[in-house]
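Using my numbering, the first residue of the sequence shown is number 2, and each one after it goes up by one. The beta carbon of each residue, even a glycine, is placed where N, CA and C say it ideally should be.
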Amino acid sequence: MHYFDSRGVHRIYAASFAGGVWRLERDAPGFSQRFAGTFAPDGRAIDGQWELSRDGTTWDDDLRITYRRSE
2 MHYFDSRGVH RIYAASFAGG VWRLERDAPG FSQRFAGTFA PDGRAIDGQW
52 ELSRDGTTWD DDLRITYRRS E
């Protein structure tokens with residue numbers, strides 16, 4: 002997956018989907034990231050957690066997010 006924003010930041014993530022979980026991962030020296038999002042049973046929301054690693058081994062919670070389908 003390609004990510005870019007208005008600040009000019011751009012990144013490439015490996016993406017997968019299995020067992021109702023959407024995963025995004027990026028390994029980069031000093032700033033690795035990963036995300037796991039679980040789909041609600043009705044498919045109308047995804048609850049997810051981003052994690053960040055600055056040393057490649059220790060992971061810290063970064064951003065908790067919920068995506069909801071609009072009506």
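Residue burial classification, residue i (beta-carbon count within 10 angstroms, cutoff 16)
i, result
"G38", "buried"
"G49", "buried"
N- and C-terminal bounds of the beta strand (DSSP E) containing residue i
i, result
"A29", "Unbroken run through A29: none, as it is neither H nor E."
Option in the options with minimal Cα separation from residue i
i, options, result
"T58", "H11, Q34, W23, A41", "Q34"
"F32", "R12, A16, H3, P42", "R12"
"A29", "S54, L64, D62", "S54"
Contact under 7 Å by Cβ, residue i with residue j
i, j, result
"W60", "E72", "no"
"R27", "R45", "no"
"F40", "G21", "yes"
"F18", "L25", "no"
"Y14", "I47", "no"
message: For a minimum of 3 consecutive residues, which ranges assigned as the beta strand (DSSP E) are wholly contained in the region 27–69?
response: Whole beta strand (DSSP E) segments, 3+ residues: 33–40, 46–54, 61–69.
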